[in-house]
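Novice:
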Amino acid sequence: MLTKDIIQDHNKTLEADHQFKLAYITELLDRKGIDAQNIIEKIKAFQVAIPSWALGTGGTRFGRFPNGGEPRNLEEKIEDVGLIHQLNGSSNSISLHIPWDIPSDANAVKQLLKEHSLTIDSVNSNTFQDQKDQSYSYKFGSLSHTQTNSRNLAIDHNIACIEYGKQLDSKVLTVWLADGSNFPGQQHFRKAYQRTADALSNIYAAMPSDWTMLIEYKPYEPFFYSMVIPDWGTSYSLCQQIGKNAQVLVDLGHHLPNTNIEQIVGRLMHFGRLGGFHFNGSMYGDDDLTTGSIKPYQFFLIFNELVDGMQDPNVKNPPLAWMIDASHNTKDPIEDLLQSVNAILATYAKALLVDRFALSDAQENNDVLRAEELLRDTFFTDVRALVAEASRQVGGALDPVATFRKVNIRENLINKRGKFSVATGL
Numbered sequence: 000m001l002t003k004d005i006i007q008d009h010n011k012t013l014e015a016d017h018q019f020k021l022a023y024i025t026e027l028l029d030r031k032g033i034d035a036q037n038i039i040e041k042i043k044a045f046q047v048a049i050p051s052w053a054l055g056t057g058g059t060r061f062g063r064f065p066n067g068g069e070p071r072n073l074e075e076k077i078e079d080v081g082l083i084h085q086l087n088g089s090s091n092s093i094s095l096h097i098p099w100d101i102p103s104d105a106n107a108v109k110q111l112l113k114e115h116s117l118t119i120d121s122v123n124s125n126t127f128q129d130q131k132d133q134s135y136s137y138k139f140g141s142l143s144h145t146q147t148n149s150r151n152l153a154i155d156h157n158i159a160c161i162e163y164g165k166q167l168d169s170k171v172l173t174v175w176l177a178d179g180s181n182f183p184g185q186q187h188f189r190k191a192y193q194r195t196a197d198a199l200s201n202i203y204a205a206m207p208s209d210w211t212m213l214i215e216y217k218p219y220e221p222f223f224y225s226m227v228i229p230d231w232g233t234s235y236s237l238c239q240q241i242g243k244n245a246q247v248l249v250d251l252g253h254h255l256p257n258t259n260i261e262q263i264v265g266r267l268m269h270f271g272r273l274g275g276f277h278f279n280g281s282m283y284g285d286d287d288l289t290t291g292s293i294k295p296y297q298f299f300l301i302f303n304e305l306v307d308g309m310q311d312p313n314v315k316n317p318p319l320a321w322m323i324d325a326s327h328n329t330k331d332p333i334e335d336l337l338q339s340v341n342a343i344l345a346t347y348a349k350a351l352l353v354d355r356f357a358l359s360d361a362q363e364n365n366d367v368l369r370a371e372e373l374l375r376d377t378f379f380t381d382v383r384a385l386v387a388e389a390s391r392q393v394g395g396a397l398d399p400v401a402t403f404r405k406v407n408i409r410e411n412l413i414n415k416r417g418k419f420s421v422a423t424g425l
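All residue numbers for the sequence shown refer to numbering that gives the first Met the number 0, where the first residue is 0 and numbers rise by one.
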């Protein structure tokens, strides 16, 4: 369906325009004493995991409008992520969601991953909905449930996720809880928290010593009076209780409007407890829109804190897990994921260009305007040619979305899988 020759042939049609833009940004950076190729090398090394659940058309409570050609099983999801990685060279792993992505033949799945130059990034548990023939319900909570049987069911499910991950050489378990309450008095806050901490400790004890547990937080939905893990502080406190390999996962959409996410990122890195990200875009809440599509300046400020911490030898934070968590109702899922990865790489590149010495000097001398202008100047720098060149140098497309459309990949997938195929999972 897609070969290196096809990608290179399409790149040739864009080459002249690309070289003009690349020459401009290279000279601009050279005048600032920045080596453009050094930035390109860092972009090439940056990899973003693709979630299996985002490869099909998402939706809302009001409807879902599939495009056709969606992956019907884990193997086809791997094929789609392989296509994305071929196009951008920056998506070499896939995040799985259990129970939808249980491997029927782990060795065959590992061979398929190898063929597509992919690995399994993380396994994600699901205790936010009851499965068919489930013995006990999660209606009133999972790891925080008042009933031991429901809690044990959720614990066993997470341990099973670990076992599936071990089969596929993953080393990360991601836990997101939908537990909470809708009405005052419904739930005892302190007891619900402690039951959750105890349950997570049991799961943590079942993890291999080289694994990481990522604990996600969310202020509302599906419950609107309280969530058991509503904010980064609660997640952080749980990690502190559970063990050194428990880390906070930040989903960009899991914050109330106007929350200072960049400060949260800086604080967690200072504590050494920032485990990774679920990238997406948000207008009102957990919208799961295309990364960088709504608040690109805030996204840049978040990456500014990330790069600052990553370059500071005094910060002892472990390597971060970079993942997308998005839902697509009106876009082609693969196109949207290509867009998101491109926005992540471009924003990362901009953060790499910030003059750290000058910014620190402005901060220490309380030069507010100079500090702000240093960031604004970098934010408005067009780095798209650097991202395109990074993709070209690893054999990818100069314009992944344009190439996807040019070679009619969606049409080919529909011909192969059917017009009415619907992806498994959410």
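The beta carbon of each residue, even a glycine, is placed where N, CA and C say it ideally should be.
Small disclaimer: the values here were computed from a predicted structure and weren't measured.
#1: Decide yes or no for the touch test of the segment 291-302 against the segment 192-203: beta carbon pairs closer than 8 angstroms, at least 3 of them.
#2: Please specify which runs of the alpha helix (DSSP H), each continuous and at least 4 residues long, are wholly inside the segment 65-130, giving them in chain order.
#3: Under the assumption that V386 contacts L337 (Cβ atoms under 8 angstroms), give the Cβ distance between them as a whole number of angstroms.
#4: In whole angstroms, give me the CA-to-CA distance for I333 and D79.
#5: Rounded to whole angstroms, what is the Cα-Cα separation between K170 and N364?
#6: Tell me, which residues are paired with A191 by DSSP?
#7: Is G232 near G265, with beta carbons less than 8 angstroms apart?
#8: Are there three or more Cβ pairs, one per stretch, closer than 8 angstroms when the segment 135-153 is compared with the segment 97-108?
#9: Please classify S234: does DSSP put it in a helix, a strand, or coil?
#10: Using three-state DSSP, classify D250 as helix, strand or coil.
#11: Give the DSSP-derived three-state secondary structure of M282 in the structure shown.
#12: Decide yes or no for the touch test of the segment 32-46 against the segment 379-394: beta carbon pairs closer than 8 angstroms, at least 3 of them.
#13: What are the boundary residues of the beta strand (DSSP E) that includes A320?
#14: Tell me the residue span of the alpha helix (DSSP H) that contains T173.
#15: Does the distance from the CB of E249 to the CB of I214 come in under 8 angstroms?
#16: Could you spell out the range, first to last residue, of the alpha helix (DSSP H) harbouring E261?
#17: What residue range does the alpha helix (DSSP H) around T145 cover?
#18: Give the DSSP-derived three-state secondary structure of L397 in the structure shown.
#19: Under the assumption that L352 contacts T380 (Cβ atoms under 8 angstroms), give the Cβ distance between them as a whole number of angstroms.
#20: Per DSSP, I214 forms a beta bridge with which residues?
#21: Helix, strand or coil for P49 per DSSP?
#22: Quick check on L255: does DSSP put it in helix, strand or coil?
#23: By Cβ distance, which residues of its chain are closer than 6 angstroms to E304, with the 5 residues on each side in sequence left out?
#24: Specify the secondary structure class of T346 as computed by DSSP and reduced to three states.
#25: So is T173 buried or exposed if we call it buried at 16+ other beta carbons inside 10 Å?
#26: On the DSSP bridge assignment, give the partners of L273 in chain order.
Specialist: Here's the rundown:
#1: no
#2: 73-87, 105-114
#3: Contact doesn't hold; Cβ gap of about 12 angstroms is too wide.
#4: 8 angstroms
#5: 44 angstroms
#6: DSSP lists no partner for A191.
#7: no
#8: no
#9: helix
#10: strand
#11: coil
#12: yes
#13: 320-323
#14: Counting along the chain, T173 falls outside any alpha helix (DSSP H), though it belongs to the beta strand (DSSP E) covering 171-174.
#15: The displayed chain sequence assigns Val, not Glu, to residue 249. No.
#16: 260-270
#17: No alpha helix (DSSP H) contains T145, which DSSP labels as neither H nor E.
#18: coil
#19: 6 angstroms
#20: V174, V247
#21: In the sequence as presented, Pro is not what sits at residue 49; that position holds Ile. DSSP places I49 in strand when its eight states are reduced to three.
#22: coil
#23: E261, V264, G265
#24: helix
#25: buried
#26: V247
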